[in-house]
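In this text, residue positions in the sequence shown follow the working numbering: the first is 315, and each later residue adds one.
Worksheet for the structure shown next.
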Amino acid sequence: SSTAARVQVIPLSDDPGGAKEHESAPLDLSEFRVLGHVAGRGDVVVDCDNWVGGPQAPSRIEGIALQWPDKPHDLALRYAVTVGGPRPVPGQLVEVGSFAGTRGRALPVVGATLEIDGPAALGQQLAVDSIFLGSPQMKVAGRRVVLAGPTGREPLVGLRLRIEPEDQPKTMRQARPAPRAAQ
């Protein structure tokens, strides 16, 4: 009386959807710009990987617009901001070229959502650095990024945006205890 067993071998992959097989060519970001409406300064335009406001010149950002005239047609880049005030108001997602926020109302951006999607976005991610008033610099990366300060009411005073290849899977390493000093 033997016990029958069935063994099935299933290959494991870090890319179950096969996206890496269909990765698109690197994106041309030479014409990519971030416009930030900054309190007391007006519209400030920076290219990819530069700060609107930021650690060297923190300034209250009241709205943003992403500009990318040669954006691939099969890539969607959307964003929305939450405008502060007595009751923070979340905005609707808008497409590249549209302004999200306020001008001339002295209401700061207190949160933002950015997302990238579409066939040309395969293998790409948003990499965003942000600074909210009184908070340390935050770095967030992914296909969908949500930014906010600790309480959700702090004004955004620095923003830097990049589009880069997605990170490769990272292996977790167990932390080693620090060596003890000789006594």
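Just so it is clear, CB atoms sit at the ideal spot from N, CA and C, and this is done for glycine as well.
Please read these numbers as outputs of a predicted model, since none were measured by experiment.
Extent of the continuous beta strand (DSSP E) to which residue 478 belongs:
Where residue 478 is concerned, the enclosing beta strand (DSSP E) stretches over 470-479.
Alpha-carbon spacing of residue 390 relative to residue 456, whole angstroms
Looking at the two C-alpha atoms, the distance is approximately 14 angstroms.
Spatial neighbours of residue 441 within its chain, please: CB distance less than 6 angstroms, with the 5 preceding and 5 following residues excluded, ordered by chain position.
Cβ-Cβ distances below 6 angstroms link residue 441 to 455, 476, 478 in the same chain, with the five nearest sequence neighbours on each side left out; the list follows chain order.
Alpha carbon to alpha carbon, how far is residue 464 from residue 397?
Their backbone Cα atoms lie some 15 angstroms apart in a straight line.
Closest to residue 362 by C-alpha separation, out of 379, 353, 356, 374, would be which residue?
Measuring C-alpha to C-alpha distances from residue 362 to each of 379, 353, 356, 374 identifies 379 as the nearest.
So which of 371, 384, 359, 470 has the shortest CA-CA distance to residue 343?
The shortest C-alpha separation from residue 343 is found at 384.
For residue 404, which beta-bridge partners are listed by DSSP?
Per DSSP, 396.
In the DSSP output, what is residue 373 paired with across the bridge?
Answer is none; residue 373 lacks a bridge partner.
Can you tell which of 352, 392, 345 has the C-alpha that lies nearest to the C-alpha of residue 418?
Per the Cα distances, 352.
First and last residue of the beta strand (DSSP E) that includes residue 446?
That run of the beta strand (DSSP E) goes 438-446.
How many angstroms separate the CA atom of residue 392 from the CA atom of residue 373?
If you take the alpha carbons of residue 392 and residue 373, they lie about 24 angstroms apart.
Just reading off the beta strand (DSSP E) that residue 321 is part of, what are its end residues?
Here residue 321 belongs to no beta strand (DSSP E), and DSSP marks it neither H nor E.
According to DSSP, residues forming a beta bridge with residue 426:
DSSP, once it has assigned bridges, lists 395, 461 as partnering residue 426.
Buried or exposed: where does residue 448 fall if 16 or more other Cβ atoms within 10 Å of its Cβ makes it buried?
Exposed: under 16 other Cβ atoms inside 10 Å.
Other residues of its chain near residue 451: CB distance less than 8 angstroms, five sequence neighbours each side excluded:
Contacts found: 369, 443, 444, 445, 472.
What are the boundary residues of the beta strand (DSSP E) that residue 387 is part of?
DSSP places residue 387 outside any beta strand (DSSP E), giving it a letter other than H or E.
List the residues that DSSP assigns as beta-bridge partners of residue 409.
The bridge partners DSSP lists for residue 409 are 392.
Leaving out five residues on either side along the sequence, give the residues of the same chain with a beta carbon under 8 angstroms from the beta carbon of residue 341.
386, 389, 434, 438, 477, listed in sequence order.
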